[in-house]
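J.: Mind having a look at this structure? Questions to follow.
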Amino acid sequence: MKADLLITNAAELATPLGHPEFKPAEFLILHDAAVAAFRGQIVWVGPSAEVKKNVQLETPAQFVDAAGKTVTPGFVDCHTHPIFFGAREDEFEMRIAGKSYEEIARAGGGIRSTVRKVRKASKEELIAAALPRLDRFLALGTTTIEAKSGYGLSLADEIKLLEVIRELDALHPLDLVPTFLGAHEIPDEYRHNKSAYVDLVIEEMIPAVRERGLAEFCDIFCESQVFDAADSRKILTAARDAGFALKIHAEQLTRTGGSALAAELGAISADHLENTTPDDWEKMKASNVAPVLLPGAVFFLGKERYAPGRQMLDFGLPVAVATDFNPGSCMSESMPMMLTLSCLKLRLTPAEALTAATYHGALAIQRGNLLGTVEVGKKADLVIWDAPNHKHLPYHFGINLADRVIKNGKVVYEKPHE
Ligand code: NIG
Ligand code: FE
Numbered sequence: 000m001k002a003d004l005l006i007t008n009a010a011e012l013a014t015p016l017g018h019p020e021f022k023p024a025e026f027l028i029l030h031d032a033a034v035a036a037f038r039g040q041i042v043w044v045g046p047s048a049e050v051k052k053n054v055q056l057e058t059p060a061q062f063v064d065a066a067g068k069t070v071t072p073g074f075v076d077c078h079t080h081p082i083f084f085g086a087r088e089d090e091f092e093m094r095i096a097g098k099s100y101e102e103i104a105r106a107g108g109g110i111r112s113t114v115r116k117v118r119k120a121s122k123e124e125l126i127a128a129a130l131p132r133l134d135r136f137l138a139l140g141t142t143t144i145e146a147k148s149g150y151g152l153s154l155a156d157e158i159k160l161l162e163v164i165r166e167l168d169a170l171h172p173l174d175l176v177p178t179f180l181g182a183h184e185i186p187d188e189y190r191h192n193k194s195a196y197v198d199l200v201i202e203e204m205i206p207a208v209r210e211r212g213l214a215e216f217c218d219i220f221c222e223s224q225v226f227d228a229a230d231s232r233k234i235l236t237a238a239r240d241a242g243f244a245l246k247i248h249a250e251q252l253t254r255t256g257g258s259a260l261a262a263e264l265g266a267i268s269a270d271h272l273e274n275t276t277p278d279d280w281e282k283m284k285a286s287n288v289a290p291v292l293l294p295g296a297v298f299f300l301g302k303e304r305y306a307p308g309r310q311m312l313d314f315g316l317p318v319a320v321a322t323d324f325n326p327g328s329c330m331s332e333s334m335p336m337m338l339t340l341s342c343l344k345l346r347l348t349p350a351e352a353l354t355a356a357t358y359h360g361a362l363a364i365q366r367g368n369l370l371g372t373v374e375v376g377k378k379a380d381l382v383i384w385d386a387p388n389h390k391h392l393p394y395h396f397g398i399n400l401a402d403r404v405i406k407n408g409k410v411v412y413e414k415p416h417e
């Protein structure tokens, strides 16, 4: 087997195993393991002792001794809002003083305050603001993110955001999978005419985004005071008819029927899901709707009610976990932090949390055949952790254990020497 990247002597290689069915993945642990890749693709995985007889290194090749370290797939963060301008640390302080996220939004803050800043920013400014965020994702072990628009809320500004996502994908080693989220909030100028904004999304934005090929998914914030189930049905149906794959922010703060709608419309994922019931899970399972849980947003909003991750997984759903990175409800690019929350708040084991953050995340963005496991044929997106086994990833929290991050078979991040 020809290879141009070889990682050997890993104390542990920990990975989910891909499969064609819609159910939770099995998990594999190998000790003293090696991985070889050629031209960005994994070509061999096995015990270090068997490398010699199986792998021929090309010149030039990259060689990594992972003695004492753990190798996993790169994280697939399948729900992020990474393109915004400015920040909302004052709202954070208001929330600490007792104001709720919903109250702040009603008073004109929240998403709308970020929209005002994004509308004034140029593409260059948005790119410059986003690049350090992408560096942080990568340094923390994430190799692919789904990236939503949604802070423009006008035709021109939504297109501007999606073009920025496209440019960042080309500029940065991280892969960005674009989602159009024109229905993220009702913008200031439509506060008294929501239905006109819904029409604008359907009649102008969806066709324009589609025509320019700027997004693969269409998403909506289905929530009381934002878009209800009827609005969501209208917008998502139009998006589906235009050729988008669908996502939905569902049952986060209240139960509005978003997850049942996701099942009805054949959405790829329904996200948040803090307020779902087994009835909803049944519908999602029957329609292969991936559940994406966002424990960082629950944590950061200071709420107590986490999605019932343990029960959903036991029910047979391939539960994914993502950051929901955004300036309001989760200002963190850290998937390792999400692993810790998944274990402690969703009651997943470290192996289940890692599966949720990699392979199940890949399923939630229709990349299950390409990403999320360390298996022959998959993209060589890997992380070498300064940890003796995968359990340390959620256990040793609040720090970065990534030693090297490999994207497409190339080392793109190395921990600075101490
Ligand atoms: O997923 N739910 C809507 N959007 C984000 C919050 C965005 C913001 O507050 O800026 C979320 O939680
Ligand atoms: Fe979100």
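In numbering that gives the first Met the number 0, the protein residues as written are 0 to 417. We treat Cβ as the ideally placed atom computed from N, Cα and C, and that holds for glycine. Computed from a prediction, not measured in an experiment: that's the story for all the values here.
(1) So, helix, strand or coil for PHE179, using DSSP?
(2) Please go through the same chain and pick out, in chain order, the residues whose beta-carbon is closer than 7 angstroms to the beta-carbon of MET93, but skip the five residues on each side of it.
(3) Using CA atoms only, rank isn't needed, just tell me which of PRO277, GLY408, LEU312 and ASP402 is closest to GLU417.
(4) So the candidates are ALA237, ALA10 and GLU184; which of them puts its Cα closest to the Cα of ILE205?
(5) Look at VAL375 and ILE41 and say whether their C-beta atoms are less than 8 angstroms apart.
(6) If you run the structure through DSSP and keep just helix, strand and coil, what is TYR412?
(7) Are three or more beta carbon pairs between the segment 401-415 and the segment 137-153 nearer than 8 angstroms?
(8) Taking 8 angstroms as the threshold (C-beta atoms), are VAL373 and VAL34 in contact?
(9) If distances are taken between C-alpha atoms only, which option among GLY397, HIS80, HIS395 and GLY408 comes closest to VAL382?
(10) Taking CYS221 as the reference, give the member of ALA352, LEU175, ALA207 and ASN274 with the closest Cα.
(11) Where are the beta strand (DSSP E) runs, 3 residues long or more, that stay fully inside the segment 0-31, in chain order?
(12) Kindly indicate if chain D contains any beta-carbon less than 8 angstroms away from that of GLY181.
(13) Helix, strand or coil for GLN251 per DSSP?
(14) At a threshold of 7 angstroms, does ASN325 count as lining the ligand FE (C-beta to nearest heavy atom)?
(15) Per DSSP, what are the beta-bridge partners of ASP64 in this structure?
(16) Determine, using beta carbons only, whether GLY295 and ASP323 come nearer to each other than 8 angstroms.
(17) Is LYS378 buried or exposed, if buried means 16 or more other CB atoms sit within 10 Å of its CB?
(18) With distance defined between alpha-carbon atoms, name the residue in VAL50, LEU130 and HIS389 nearest to PHE26.
(19) Could you round the C-beta distance between ILE6 and ALA65 to whole angstroms and report it? I think they count as a contact, below 8 angstroms.
T.: Concretely, from the data shown:
(1) Three-state DSSP puts PHE179 in a strand.
(2) So the list reads ILE103, once near-sequence residues are dropped.
(3) When only C-alpha atoms are compared, the closest one is ASP402.
(4) It is ALA237 whose Cα lies nearest to the Cα of ILE205.
(5) Cβ atoms of VAL375 and ILE41: closer than 8 angstroms.
(6) In the structure shown, TYR412 sits in a strand (DSSP, three-state: E or B).
(7) Look at the beta carbons and you see the segment 401-415 touching the segment 137-153: at least three pairs across the two are nearer than 8 angstroms.
(8) Yes; because the gap between Cβ atoms is below 8 angstroms, this pair is in contact.
(9) Shortest Cα-Cα distance from VAL382 to any of GLY397, HIS80, HIS395 and GLY408 involves GLY408.
(10) Comparing Cα positions, the closest option is ASN274.
(11) The segment 0-31 contains, as complete beta strand (DSSP E) runs of 3+ residues, the segments 1-16 (chain order).
(12) The structure shown contains no chain D, having only a single protein chain.
(13) Of the three classes helix, strand and coil, the one that applies to GLN251 here is coil, per DSSP.
(14) For ASN325, the shortest separation between its Cβ and any heavy atom of the ligand FE lies below 7 angstroms.
(15) In DSSP, ASP64 forms a bridge with THR7.
(16) Result yes, Cβ atoms of GLY295 and ASP323 sit closer than 8 angstroms.
(17) So LYS378 counts as buried.
(18) With distances taken between Cα atoms, PHE26 lies closest to HIS389.
(19) The Cβ separation is near 5 angstroms, so the contact holds.
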